[in-house]
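Protein sequence lines correspond, in order, to chains W and Y.
Position one of the first sequence corresponds to residue 1 (my numbering), numbered consecutively onward.
Position one of the second sequence corresponds to residue 1 (my numbering), numbered consecutively onward.
Every residue, glycine too, gets a C-beta built ideally from N, C-alpha and C.
To start, the structure itself, in structure tokens.
2 protein chains.
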Amino acid sequence: MLLLIPGPVTTRPEVRQAMTRDIAPWDNDFRHFFTRLRSRVLKLAGGVEGQHATLPLQGCGHFIAEAALRTFLPPGGRILIPATGAYADRMIRLAREAGRVPVPLPMGLTDATDPQAVARALEADPTLTHVAMVYSETGSGVIHDVQAVGAEVRKAGRRMIIDAVSAFGAFPLDLAAQPEVDAAVFTTNKCLEALPGVAFAVARIDRLLDCAGNAGSWSLDLSNVYDHALRSGWGSFRFTPPAQILAALDVALDYHDAEGQTARLARYTANMRIFYDGVRDLGLTPWLPASRQGPVIVNVHAPADPAWNLQAFVDALKPRGVLISNFYNTPSPTFRVGCIGAITPDDMAGAVHAMDQALREIGIKNREAVQT
Amino acid sequence: MLLLIPGPVTTRPEVRQAMTRDIAPWDNDFRHFFTRLRSRVLKLAGGVEGQHATLPLQGCGHFIAEAALRTFLPPGGRILIPATGAYADRMIRLAREAGRVPVPLPMGLTDATDPQAVARALEADPTLTHVAMVYSETGSGVIHDVQAVGAEVRKAGRRMIIDAVSAFGAFPLDLAAQPEVDAAVFTTNKCLEALPGVAFAVARIDRLLDCAGNAGSWSLDLSNVYDHALRSGWGSFRFTPPAQILAALDVALDYHDAEGQTARLARYTANMRIFYDGVRDLGLTPWLPASRQGPVIVNVHAPADPAWNLQAFVDALKPRGVLISNFYNTPSPTFRVGCIGAITPDDMAGAVHAMDQALREIGIKNREAVQT
């Protein structure tokens, strides 16, 4: 079964197999393992040992995003968030419910974030101490240029939080070259091709120390995570972690090392290209123009045919070995397909073929994009 | 290797094996699985379908405890917490950092919570809307009577939160008979004998509806978890869950069904008795008198011998197949040993034997309790 949902992703059996033993997360053997794992992740983020810390948090991407917002912004702190789509909206909601003040930067949903628009917004409002942005916006499929936006944030003397959840491992991150970044956050289960259950922030140590006391939540306080993981000599988690998920991540990182970030990005890009061109050849219409289409997720317009029913399409694909989401994150009806995970262009060609058959099975004759 | 740390616990290989497949948590098959899993957990908690909801949260016990405190108490809300030990202290810290006002009820660390003391404290302070208490206090090893305390809370017209993290699955919970309880919280990895990674609240639906808007955190808002898991028809998680951990839990619940809660408690009690009597026969001194000793965790006084070194003891036990914690949660030096998990009295007898050998190896001659 191909999981194209797109996350949790399809993983290798060797990665899953790493979860089949009991693990004591307070044991010294685990502490050594965990220290090494933190270093591996730090290196992938382009962080500097002694300047950056790899901070794991039990749970999911939303938890680590809220933790970063709470830790680096005080209550009432104001943060600019380019409105790139569904996942930017989620960050806005996380900030607002946590008592911070998110200020959305309006933009077209199919556009890449304009660094100059960010610069102008920061200049116009000196109370904005931070910018948060989504690197790979799953809501649209657009990849946003965190380096270019970061340069403007740096020039303006502000701070930045990067939501790298569906980017990390495939797209470059060079935190050493981006001192304006307080933290980049991501999880085990997207482009790292491991299983879900642990989230990470790679964060600046000086800022973690400065920001102690901001969080208003012990659970979601990254300064406190830092104290336990690194500063106090404890060298492990504060609270019981899903250690099996970390064991799986370690194996997944071996595969990542073997492939390399650039080759992984190239594979995902090839996956996307085969799929994008393939569904176009089927008569379907991708939601993004090819020039804007990123390699992580492709949204495809729902066909105009009145027989269209997303759940029926999902159900018809499943016996053909392809699993896609039964919901969509775009304003108009689409279906969404992930191109990431332990999958190849051949798998994507197979998925296109399965979609052709599934569309026939559920009686779709008119495959043109639904007019909205 | 026996994990007596005591949590994560030793699990069965069949439980861990359930984690070796990819799972799509938004898929309809998963929704059906998840609905059934929620019902199984609800039944174990003695909840009533339609009155109670089983609410899973990614992460650990501390996260679900904070979520319950945030959801059922408004900011500034006041909650009485019997100071039973290290885990009550943690709940006090979670409440305080979340902007609630925890009011500790002082008591002896080796005492069981006195229901009359709770009643008097509630009578003396009408601003206390809630009581939170730890069912099985890992800090001491004492089991506290949530039914008797709950009866006083009910009489006083107040609300209650039960931290059942290291009790659930072994000790009875009958939420139908305890309408004063807003939520009982616990995790997958203690007496349920599954792997860590997901926490649960079983909570009253009327209270979840009344308390919407309290949490001040989207991540930790149980009213919102309820909306997604049950009310909206979505029938799944809000954010990516560690679905493999839930698959393992489902298998662990099969074993729990086969054994039954009463027999599981009897097995843990037999584990504890063999261990408690065994270490006493070795010349060591358990921290609790036998009359107060619960079956979940036994703390043992550190020997007075100057050669005592907890880490050396832990290291000497490990090649003998026994893993214990290299820290303690009591005010005076102890070592802590869990009696829960997929382990038997024979395993505990083996652990006692291994401890005798380990004490000799690290040169402990005087095994009497250290004077503090």
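Original post:
Taking only beta-carbon atoms, is W:CYS60 less than 9 Å away from chain Y?
Top reply: Working through the first sequence from its first residue, we reach residue 60 of chain W at position 60. Yes, W:CYS60 lies at the interface with chain Y (some Cβ there is under 9 Å from its Cβ).
Subject >> Cβ-Cβ distance between W:GLN58 and Y:GLY197 below 9 Å >> reply: Within the first sequence, residue 58 of chain W is the residue found at index 58, counting from 1. Within the second sequence, residue 197 of chain Y is the residue found at index 197, counting from 1. In this structure, Y:GLY197 lies closer than 9 Å to W:GLN58 by Cβ.
Original post:
Nearest CA to the CA of W:HIS62: which residue from W:ALA266, W:THR188, W:ALA194?
Top reply: Reading the first sequence from its first residue, position 62 is the one you call residue 62 of chain W. Checked all of W:ALA266, W:THR188, W:ALA194; the closest Cα to W:HIS62 is W:THR188.
Original post:
Can you find a C-beta in chain Y that's less than 9 Å from the C-beta of W:GLU66?
Top reply: Indexing the first sequence from 1 puts residue 66 of chain W at position 66. With 9 Å as the cut-off, W:GLU66 counts as an interface residue toward chain Y.
Original post:
Who pairs with W:PHE200 in a beta bridge, going by DSSP?
Top reply: Here the question's residue 200 of chain W lines up with position 200 in the first sequence. W:PRO56, W:PHE186, per the DSSP bridge assignment.
Subject >> W:LEU103 - DSSP class collapsed to helix/strand/coil >> reply: Indexing the first sequence from 1 puts residue 103 of chain W at position 103. One detail in the question is off: residue 103 of chain W reads as Val in this sequence, not Leu. Looking at W:VAL103 - three-state DSSP - the assignment turns out to be strand.
Original post:
Listing by chain order, which chain W residues have their CB less than 7 Å from the CB of Y:LEU323?
Top reply: In the second sequence, the residue the question calls residue 323 of chain Y occupies position 323. Correct list: ALA24, ASP27.
**OP:** Label W:LYS155 either buried or exposed according to how many other C-beta atoms from any shown protein chain fall within 10 Å of its C-beta, with 16 as the threshold for buried.
**Re:** For the purposes of this step, residue 155 of chain W is identified with residue 155 of the first sequence, where counting begins at 1. Under this definition W:LYS155 is an exposed residue.
Original post:
Can you name the residues of chain Y whose CB is closer than 9 Å to the CB of W:THR11?
Top reply: Stepping through the first sequence from its first residue, residue 11 of chain W is reached at position 11. Those within 9 Å of W:THR11 in chain Y are ASP22.
Subject >> C-alpha gap between Y:GLN293 and Y:MET272, whole angstroms >> reply: Against the second sequence, residue 293 of chain Y aligns to sequence position 293. Against the second sequence, residue 272 of chain Y aligns to sequence position 272. Taking the straight line joining both Cα atoms gives about 9 Å.
Subject >> Outcome for W:PHE327 when other beta-carbon atoms lying within 10 angstroms are tallied against a minimum of 16 >> reply: Working through the first sequence from its first residue, we reach residue 327 of chain W at position 327. Exposed is the call here.
Subject >> Cross-strand partners of Y:LEU128 (DSSP beta bridge) >> reply: As a first step, residue 128 of chain Y is located in the second sequence; it is residue number 128 there, counting from the start. Answer is Y:ARG78, bridged to Y:LEU128.
**OP:** Could you tell me whether the Cβ atoms of Y:ILE297 and Y:ILE340 are closer together than 9 Å?
**Re:** On the second sequence, position 297 is the one that residue 297 of chain Y refers to. On the second sequence, position 340 is the one that residue 340 of chain Y refers to. The answer is yes: Cβ separation under 9 Å.
Subject >> Interface flag, Y:SER136 vs chain W, CB-CB below 9 Å >> reply: For this step, residue 136 of chain Y is matched to residue 136 along the second sequence. Not an interface residue.
Original post:
Terminal residues of the continuous alpha helix (DSSP H) containing W:MET272?
Top reply: For this step, residue 272 of chain W is matched to residue 272 along the first sequence. Residues 261 to 281.
Original post:
What's the C-alpha gap between W:VAL322 and W:PHE239?
Top reply: Translated into the one-based positions of the first sequence, residue 322 of chain W becomes position 322. Translated into the one-based positions of the first sequence, residue 239 of chain W becomes position 239. Their backbone Cα atoms lie some 37 Å apart in a straight line.
Original post:
Do Y:VAL251 and Y:VAL9 have their CB atoms nearer than 9 Å?
Top reply: Taking the first residue of the second sequence as 1, we reach residue 251 of chain Y at position 251. Taking the first residue of the second sequence as 1, we reach residue 9 of chain Y at position 9. Result no, Cβ atoms of Y:VAL251 and Y:VAL9 do not sit closer than 9 Å.
Original post:
So, is W:LEU116 buried or exposed, given that buried needs 16 or more other C-beta atoms within 10 angstroms?
Top reply: In the first sequence, residue 116 of chain W corresponds to position 116, counting from 1. In the sequence on display, residue 116 of chain W carries Gln and not Leu. Exposed, because fewer than 16 other Cβ atoms sit within 10 Å of the Cβ of W:GLN116.
Subject >> Helix, strand or coil at W:PRO286 [DSSP, three-state] >> reply: Within the first sequence, the letter at position 286 stands for residue 286 of chain W. W:PRO286: strand per DSSP, three-state reduction.
Original post:
With a CB to CB cut of under 6 Å and the five nearest residues on each side skipped, what residues in its chain are close to Y:ALA86?
Top reply: In the second sequence, counting from the first residue as 1, residue 86 of chain Y sits at position 86. Closer than 6 Å at the Cβ level, and outside the excluded window around Y:ALA86, lie GLY139, ASN329.
**OP:** In the DSSP assignment, find the alpha helix (DSSP H) that holds Y:LEU64 and state where it starts and stops.
**Re:** Taking the first residue of the second sequence as 1, we reach residue 64 of chain Y at position 64. Going by the sequence as given, residue 64 of chain Y is Ile instead of Leu. First-last of the alpha helix (DSSP H) with Y:ILE64: 61 to 72.
Original post:
Leaving out five residues before and five after W:LEU288 in sequence, what residues of the same chain have Cβ atoms less than 6 Å from its Cβ?
Top reply: For this step, residue 288 of chain W is matched to residue 288 along the first sequence. These residues qualify, in order along the chain: THR110, GLY141.
Subject >> Residue from W:ALA248, W:LYS365, W:VAL300 whose Cα sits closest to the Cα of W:THR20 >> reply: In the first sequence, counting from the first residue as 1, residue 20 of chain W sits at position 20. When only C-alpha atoms are compared, the closest one is W:ALA248.
Subject >> Closest residue to Y:LEU230 among Y:PHE34, Y:PRO13, Y:GLY7, Y:ILE5 (Cα-Cα distance) >> reply: Along the second sequence, read from residue 1 onward, the residue named residue 230 of chain Y stands at position 230. Closest by alpha carbon: Y:PHE34.
**OP:** Below 9 Å between beta carbons is the criterion; list the residues of the region 237 to 252 of chain W that meet it against any residue of chain Y, in chain order.
**Re:** PHE237, ARG238, PHE239, THR240, PRO241, PRO242, ALA243, GLN244, ILE245, ALA248
Subject >> Coarse secondary structure for Y:MET1, derived from DSSP in three states >> reply: The residue labelled residue 1 of chain Y in the question sits at position 1 within the second sequence. Looking at Y:MET1 - three-state DSSP - the assignment turns out to be coil, as it is neither helix nor strand.
Original post:
Is Y:LEU195 closer than 9 Å to Y:ILE161 when the C-beta atoms are compared?
Top reply: Stepping through the second sequence from its first residue, residue 161 of chain Y is reached at position 161. Stepping through the second sequence from its first residue, residue 195 of chain Y is reached at position 195. Not closer than 9 Å, so no.
Subject >> Every unbroken alpha helix (DSSP H) inside the region 305 to 344 of chain W [4 residues or more] >> reply: 310 to 317
Original post:
So which of Y:LEU105, Y:ALA304, Y:ASP227 has the shortest CA-CA distance to Y:GLN371?
Top reply: Along the second sequence, read from residue 1 onward, the residue named residue 371 of chain Y stands at position 371. When only C-alpha atoms are compared, the closest one is Y:ALA304.
Subject >> Y:SER136 - DSSP class collapsed to helix/strand/coil >> reply: The residue given as residue 136 of chain Y occupies position 136 in the second sequence. Reduced to three states, the DSSP call for Y:SER136 is strand.
Original post:
If you run the structure through DSSP and keep just helix, strand and coil, what is W:GLU97?
Top reply: Indexing the first sequence from 1 puts residue 97 of chain W at position 97. Helix.
Original post:
So which residues of chain Y does W:ILE343 contact, with C-beta pairs closer than 8 Å?
Top reply: In the first sequence, residue 343 of chain W corresponds to position 343, counting from 1. Simply none; closest approach about 11 Å.
Original post:
Among residues of its own chain, excluding the 5 on either side of W:VAL153, which ones have a beta-carbon nearer than 8 Å to its beta-carbon?
Top reply: Against the first sequence, residue 153 of chain W aligns to sequence position 153. Same-chain partners within the cutoff: VAL118, LEU122, VAL131, ARG159, MET160, GLU180.
Original post:
Which same chain residues, not among the five before or five after W:LEU4, have their C-beta less than 7 Å away from its C-beta?
Top reply: On the first sequence, position 4 is the one that residue 4 of chain W refers to. If we look at W:LEU4 and ignore the five residues flanking it on each side, its Cβ neighbours are VAL322, LEU323, ILE324, VAL337, GLY338, ALA351.
Subject >> Touching by the beta-carbon criterion (3+ pairs, under 8 Å), the region 169 to 180 of chain Y and the region 41 to 51 of chain Y >> reply: yes
**OP:** Kindly say whether W:GLY76, judged by its beta-carbon, lies nearer than 9 Å to any beta-carbon of chain Y.
**Re:** Indexing the first sequence from 1 puts residue 76 of chain W at position 76. Judged by the 9 Å Cβ criterion, W:GLY76 is not in contact with chain Y.
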